[in-house]
Amino acid sequence: MPDSEGDWAFVTGSNARSLAGLAGGFICTPAAAGAHGPVRVHDTFHFRHADGTHCLPLGTTAYAWTHQGDELEEQTLRTLAQSPFTKLRMCIFPKSYDYNANEPERYPFEGSLETGWDFARPNPGFWRHLERRIGQLGDLGIEADLILFHAYDRWGFSDMGHAADDRYVRYAVARLAAFQHVWWALANEYDLLWSKDAADWDRLAGLIAEHDPYGHLLSNHNCRALFDNSRPWVTHASMQRVDVYKTAENATEWRREWRKPVVIDECAYEGDIDQGWGNITAQEMVRRCWEGAVRGAYVGHGETYLADDEVLWWSKGGVLKGDSPARIGFLRKILEQGPEGLEPLPSEWDLPWAGIAGQYYLAYFGFSRPRFRTFALPPDTAYAVDVIDTWNMTIEPMRGRFEGRFRIDLPGRQFMAVRLRRAE
Numbered sequence: 218m219p220d221s222e223g224d225w226a227f228v229t230g231s232n233a234r235s236l237a238g239l240a241g242g243f244i245c246t247p248a249a250a251g252a253h254g255p256v257r258v259h260d261t262f263h264f265r266h267a268d269g270t271h272c273l274p275l276g277t278t279a280y281a282w283t284h285q286g287d288e289l290e291e292q293t294l295r296t297l298a299q300s301p302f303t304k305l306r307m308c309i310f311p312k313s314y315d316y317n318a319n320e321p322e323r324y325p326f327e328g329s330l331e332t333g334w335d336f337a338r339p340n341p342g343f344w345r346h347l348e349r350r351i352g353q354l355g356d357l358g359i360e361a362d363l364i365l366f367h368a369y370d371r372w373g374f375s376d377m378g379h380a381a382d383d384r385y386v387r388y389a390v391a392r393l394a395a396f397q398h399v400w401w402a403l404a405n406e407y408d409l410l411w412s413k414d415a416a417d418w419d420r421l422a423g424l425i426a427e428h429d430p431y432g433h434l435l436s437n438h439n440c441r442a443l444f445d446n447s448r449p450w451v452t453h454a455s456m457q458r459v460d461v462y463k464t465a466e467n468a469t470e471w472r473r474e475w476r477k478p479v480v481i482d483e484c485a486y487e488g489d490i491d492q493g494w495g496n497i498t499a500q501e502m503v504r505r506c507w508e509g510a511v512r513g514a515y516v517g518h519g520e521t522y523l524a525d526d527e528v529l530w531w532s533k534g535g536v537l538k539g540d541s542p543a544r545i546g547f548l549r550k551i552l553e554q555g556p557e558g559l560e561p562l563p564s565e566w567d568l569p570w571a572g573i574a575g576q577y578y579l580a581y582f583g584f585s586r587p588r589f590r591t592f593a594l595p596p597d598t599a600y601a602v603d604v605i606d607t608w609n610m611t612i613e614p615m616r617g618r619f620e621g622r623f624r625i626d627l628p629g630r631q632f633m634a635v636r637l638r639r640a641e
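Residues 218 to 641 in our numbering are what the sequence shown spells out, letter by letter.
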């Protein structure tokens with residue numbers, strides 16, 4: 218990722234004599250169509266690419282999709298190509314957990330579970346395969362949110378010791394930082410990795426800063442205990458639900474506390490497994506995405522429908538079976554039609570608002586189902602009004618222009634929204 222056009226030269230440095238002092242060069246041409254550069258934080262709470270293009274991270278999760286073999290992995294890519302998602306959370310290491318009993322085809326280090334791993338010898342085949350899959354995500358315009366550590370492990374990768382952890386992080390960053398669409402997540406559920414403490418996370422973050430010349434986004438994801446997202450190296454808060462019911466609603470408090478973008482990467486999963494985090498309805502998934510959006514946050518999707526073959530999207534990928542992705546795609550269109558970076562506005566006690574005062578308003582009713590709503594805005598500004606059914610994915614323009622105090626009739630159904638745009 219050179220940051221300017223023209224002729225470049227390089228000389229290698231290495232503690233291996235055969236790899237030191239190698240010289241070469243290349244020509245940096247203009248960026249290819251659709252290549253916007255790495256994502257940066259913009260305007261405190263939102264995101265832009267390096268070239269100034271707006272980034273709307275509507276994510277999903279498929280933790281272990283690159284460990285499933287070519288047939289299933291290619292199916293996952295085909296599914297993603299037809300989905301509305303612009304970010305994918307994924308682990309570098311394989312995963313061991315419910316519905317994840319299969320052995321991967323490749324391992325990140327030389328050795329085996331039976332004979333032991335040589336943490337000083339990365340397995341080139343594993344890393345080439347991972348790079349290929351990350352590159353394919355980039356071809357689809359999907360950001361790769363790479364999880365460096367997690368606790369769901371039967372191979373010993375979650376507790377390799379400081380020296381091996383550091384060597385692994387340096388190696389991963391050296392190889393993968395060259396992709397413009399990479400985000401770093403130090404851990405999924407950092408507080409379940411009991412061998413690591415706050416000092417370890419700071420040390421590992423420092424290694425990333427030292428070896429990533431492009432400054433990709435960096436977070437650390439929680440399980441039960443919130444991470445201290447005020448740490449200077451944390452670029453955005455990567456959050457998991459902290460309550461059975463209240464999830465996206467916490468975004469208001471988290472934004473105020475940390476003054477950083479809030480990405481709720483796990484708000485629970487649409488599905489029907491026996492765990493409470495994996496059996497919410499599609500309606501509830503979509504509601505949480507909308508609730509987060511009008512509070513200035515970005516809520517991610519996940520899916521965990523029980524399957525005899527144990528191929529659940531949240532971990533292995535495959536195909537999407539649920540009803541929420543299409544509705545999240547509808548939300549994406551609504552957000553893309555509005556101002557860049559939806560900001561909360563002073564709201565009524567029972568109705569959250571977002572937008573730009575005097576220009577654009579988006580109100581979301583969620584569980585409520587009123588038959589009408591009276592709006593009171595400053596006079597002398599007229600608005601075009603749309604009634605949006607976020608579940609049925611319809612937009613009904615209201616006839617006429619509205620200003621001051623006015624009534625809008627509603628259908629008495631849940632999951633409705635109202636959009637007001639200043640009339641030309």
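The beta-carbon is built from N, C-alpha and C at its ideal position, and this holds for glycine as well.
The structure presented is a predicted model; accordingly, all values stated were derived computationally and were not measured.
Helix or strand or just coil, what does DSSP make of F623? strand
Separation of E557 from H438, as counted between CA atoms: So the alpha carbons of these two residues sit roughly 26 Å apart.
Along the chain, where does the alpha helix (DSSP H) that runs through S644 open and close? A query on residue 644 cannot be resolved here, the shown segment of the chain reaching from 218 to 641 and no further.
Please report the straight-line C-alpha distance between A514 and A465, rounded to a whole angstrom. 8 Å
Once you ignore the five residues that flank K477 on each side, which residues in its own chain have a CB closer than 8 Å to its CB? V258, T261, F262, N446, V451, T452, H453 and A454
What's the gap between the Cα of T432 and the Cα of W344? It is worth fixing the name first, because residue 432 is Gly in this sequence and not Thr. If I take the Cα positions, the gap works out to 21 Å.
Should T611 be labelled buried (16 or more other beta-carbon atoms within 10 Å of its own) or exposed? exposed
From what residue to what residue does the alpha helix (DSSP H) around K413 run? Here K413 belongs to no alpha helix (DSSP H), and DSSP marks it neither H nor E.
Just mark S221 as buried or exposed, buried being the case when its beta carbon has 16 or more other beta carbons within 10 Å. exposed
Since F310 contacts D370 with CB under 8 Å, what's their CB separation in whole angstroms? 7 Å
Just to confirm my understanding: we take H253, look at its own chain, exclude 5 residues before and 5 after, and list those with CB closer than 6 Å. What are they? Setting aside the 5 residues that flank it on each side, H253 is surrounded in the same chain by H266, D268 and T270, each with a C-beta closer than 6 Å to its C-beta; the list follows chain order.
Quick check on DSSP: helix, strand or coil for C506? helix
With a cut-off of 8 Å on the beta carbons, I'd call D362 and L305 a contact; round off their distance for me. 6 Å
Quick one: is C245 buried, meaning 16 or more other Cβ sit within 10 Å of its Cβ, or exposed? Exposed is the call here.
Run of the alpha helix (DSSP H) containing D383, from where it starts to where it stops: H379 to L393
Helix, strand or coil for A237? Go by DSSP, reduced to three states. coil
Helix, strand or coil: which one does DSSP assign to E560? coil
Inter-stretch contact (C-beta, 8 Å, three-pair minimum) for the segment 587 to 594 and the segment 282 to 300: no
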